[in-house]
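Counting the sequence shown from 1 gives a position; our numbering is that position plus 3.
In this text, a Cβ means the ideal position worked out from N, Cα and C, and glycines have one as well.
On a predicted model such as this, the values are computed, not experimentally measured, just so you know.
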Amino acid sequence: MSDSPIYDKVALIGIGLIGSSMAHAMRRGGVASHIAGYAHRAETLEKARSVGFADSLHSDLAACVKDADLVVLATPVGTYAVLAEQIAPHLKPGATVTDVGSVKSAVIRDVGPHVPEGVHFIPAHPIAGTEQSGPEAGFAELFDGRWGILTPPPGTDSAALERLKSFWHGLGSDVEVMDARHHDLVLAITSHLPHLIAYNIVGTADDLQAVTKSEVIKYSAGGFRDFTRIAASDPTMWRDVFLNNREAVLEVLGRFSEDMSALQRAIRWGDGEALFNLFTRTRAIRRSIVDAGQDTAAPNFGRSKKPS
Ligand code: NAP
């Protein structure tokens, strides 16, 4: 719990999984005096009201960002340019505009030009999430022990950067500062490509004629089930990620396809040594992730035998 709030008023533009989790974590950490939330659909505002994580809720952008010290864009990245243009005239001098989008170069391209003189702009990306969406999906612990990456453009005010770092620490997160282009390449391999593979494998299984849908579901514990969790992620958010990190995703996808062809060849020619060596190397990576506290070592990802 912070001794005094880091920002007086924080405006959340978007109160889905990430926005609402930030609100819960802000309350828990005492890092903001007033949490304002904006949503464009009345239904979302109503759900947020019933959960009760915000001090004020708005369907009007200008009212939400008025007098805010920190403004957080937490909608799909494809909406950022229009939202940034709309909030720009209402931002308080000295305020910081940030975001939580899963891509960063495109955010600098789309939002940067709209940020007025005298307002700080520091893009961010919490490496935390679930496949759930909406204001009821949020929870205070989402960012605990996870990394938050900040990608300040050159010339960013150092005091504003330190303040935003303290804010994310207050939400339970560890913080790393990185160049936006590098962020996009790292996330292309650690997040975007795995999602693409999951979407593809689940789609392929759905299209197979020789194996029925009921068989795919019945025998899913063989590995398929873990892909379906990732492939259940929000379609709008992920469409926008791929459209806005095209270059980096295509680069790692090229490497992935080459490596997949090598595996195909190893299977065709019975090259067990190549398969064994790769599988040994990948098992060590899994151990490093568990050792770094980024997942559980419990068998079956800590699931009980029979899902309840
Ligand atoms: P979410 O649960 O689907 O929430 C999205 C929010 O954006 C909702 O409040 C929605 O309001 C609003 N919204 C959608 N379209 C809008 C528009 N055109 N104008 C104004 N508001 C709009 O999504 P989320 O998972 O919180 O993701 C939000 C951001 O976080 C994305 O940029 C994503 O890349 C990033 N992110 C997500 C994860 C993850 O695992 N989910 C992790 C890290 C970062 P309505 O309900 O009223 O439509």
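Going by the CB atoms, is the gap between H37 and T69 shorter than 9 Å? Numbered from 1 along the sequence shown, position 66 holds the residue referred to as residue 69. Numbered from 1 along the sequence shown, position 34 holds the residue referred to as residue 37. With the sequence shown as reference, residue 69 is identified as Lys, and Thr is not the correct amino acid for it. Result no, Cβ atoms of K69 and H37 do not sit closer than 9 Å.
Could you check where the alpha helix (DSSP H) with D294 kicks off and where it finishes? Your numbering for residue 294 matches position 291 in the sequence shown. 275 to 294 is the span of the alpha helix (DSSP H), which, as asked, contains D294.
Please report how far the alpha carbon of T215 lies from the alpha carbon of A208, in whole angstroms. Translated into the one-based positions of the sequence shown, residue 215 becomes position 212. Translated into the one-based positions of the sequence shown, residue 208 becomes position 205. Each residue's alpha carbon lies about 9 Å from the other.
With the cut-off set at 9 Å, would you say F146 and P129 are in Cβ contact? Along the sequence shown, read from residue 1 onward, the residue named residue 146 stands at position 143. Along the sequence shown, read from residue 1 onward, the residue named residue 129 stands at position 126. The Cβ-Cβ distance between F146 and P129 falls below 9 Å.
Within a Cβ cutoff of 6 Å, which residues of the same chain sit near I21, ignoring the five residues on either side of it in sequence? Taking the sequence shown and counting its residues from 1, the one referred to as residue 21 is at position 18. Result list for I21: A77, V103, in chain order.
Per DSSP, which residues does F124 bridge with? Please list them. Residue mapping note: residue 124 aligns to position 121 of the sequence shown, counting from 1. In the DSSP output, where bridge partners are listed per residue, F124 has V100.
Let me know the secondary structure DSSP gives K12 once reduced to three states. Taking the sequence shown and counting its residues from 1, the one referred to as residue 12 is at position 9. It is a strand residue.
How big is the Cα-Cα spacing for Y222 and T231? Position 219 of the sequence shown, counting from 1, holds the residue named residue 222. Position 228 of the sequence shown, counting from 1, holds the residue named residue 231. Straight-line Cα distance between these residues: approximately 13 Å.
Check whether the Cβ of R44 sits closer than 8 Å to any heavy atom of the ligand NAP, and report yes or no. Indexing the sequence shown from 1 puts residue 44 at position 41. Distances taken from the Cβ of R44 to the heavy atoms of the ligand NAP include one shorter than 8 Å.
Please determine, among G32, S108, A91, the residue with the shortest C-alpha to C-alpha distance to D120. Position 117 of the sequence shown, counting from 1, holds the residue named residue 120. This sequence places Glu at residue 120; Asp is not what is there. It is A91 whose Cα lies nearest to the Cα of E120.
Should H43 go down as buried or exposed, given a rule of 16 or more other Cβ atoms within 10 Å for buried? By one-based count along the sequence shown, residue 43 stands at place 40. So H43 counts as exposed.
Does I152 come out as helix, strand or coil in the three-state DSSP assignment? Translated into the one-based positions of the sequence shown, residue 152 becomes position 149. Correct three-state label for I152: strand.
Sort out for me which residues DSSP pairs H37 with in a bridge. Translated into the one-based positions of the sequence shown, residue 37 becomes position 34. Residue pairing by DSSP puts H37 in a beta bridge opposite K12.
For V75, the residue or residues it bridges with in DSSP: Residue 75 sits at position 72 when you count from the first residue of the sequence shown. Residue pairing by DSSP places V75 opposite L15, T101 in a beta bridge.
Is D243 near the ligand NAP, in the sense that its beta carbon is under 8 Å from a heavy atom of that ligand? By 1-based counting over the sequence shown, the position of residue 243 is 240. For D243, the distance from the CB to the nearest heavy atom of the ligand NAP is below 8 Å.
P138 Cβ short of 8 Å to the ligand NAP heavy atom set: Position 135 of the sequence shown, counting from 1, holds the residue named residue 138. Under cutoff, so the answer is yes.
Considering just the uninterrupted stretch of the alpha helix (DSSP H) at V252, what are its terminal residues? Position 249 of the sequence shown, counting from 1, holds the residue named residue 252. Residues 249 to 271.
Can you check DSSP and say which residues form a bridge with E179? What you label residue 179 is simply residue 176 of the sequence shown in a count that begins at 1. According to DSSP, residue pairing for E179 in a beta bridge involves I152.
To the nearest angstrom, how far is the alpha carbon of N303 from that of H198? Position 300 of the sequence shown, counted from the first residue, corresponds to residue 303. Position 195 of the sequence shown, counted from the first residue, corresponds to residue 198. In this structure, the alpha-carbon of N303 lies about 20 Å from that of H198.
Would you tell me roughly how many angstroms separate the C-alpha atoms of H185 and A213, rounded to the nearest one? To locate residue 185, count along the sequence shown from 1; it is residue 182. To locate residue 213, count along the sequence shown from 1; it is residue 210. Rounded to the nearest angstrom, the gap between the Cα atoms of H185 and A213 is 43 Å.
Less than 9 Å between the C-beta atoms of A98 and A71, yes or no? Taking the sequence shown and counting its residues from 1, the one referred to as residue 98 is at position 95. Taking the sequence shown and counting its residues from 1, the one referred to as residue 71 is at position 68. Yes, they are a contact pair.
For the alpha helix (DSSP H) that L145 lies in, which residues bound it at each end? Against the sequence shown, residue 145 aligns to sequence position 142. Per DSSP, L145 belongs to no alpha helix (DSSP H) and is neither H nor E.
In its own chain, which residues sit with a C-beta less than 7 Å from the C-beta of S311, not counting the 5 before and 5 after it? Counting from one through the sequence shown, the residue named residue 311 turns up at place 308. Interpretation of S311 is limited by its pLDDT of 46, a score under 50 that renders its predicted location unreliable; no figure is taken from the coordinates.
Could you tell me the boundaries of the beta strand (DSSP E) in which S59 lies? On the sequence shown, position 56 is the one that residue 59 refers to. Segment 59 to 61, the beta strand (DSSP E) holding S59.
Where does S311 fall in DSSP's three states? What you label residue 311 is simply residue 308 of the sequence shown in a count that begins at 1. The predicted model places S311 with a pLDDT of 46, which falls under 50 and marks its position as unreliable, so this point remains unresolved.
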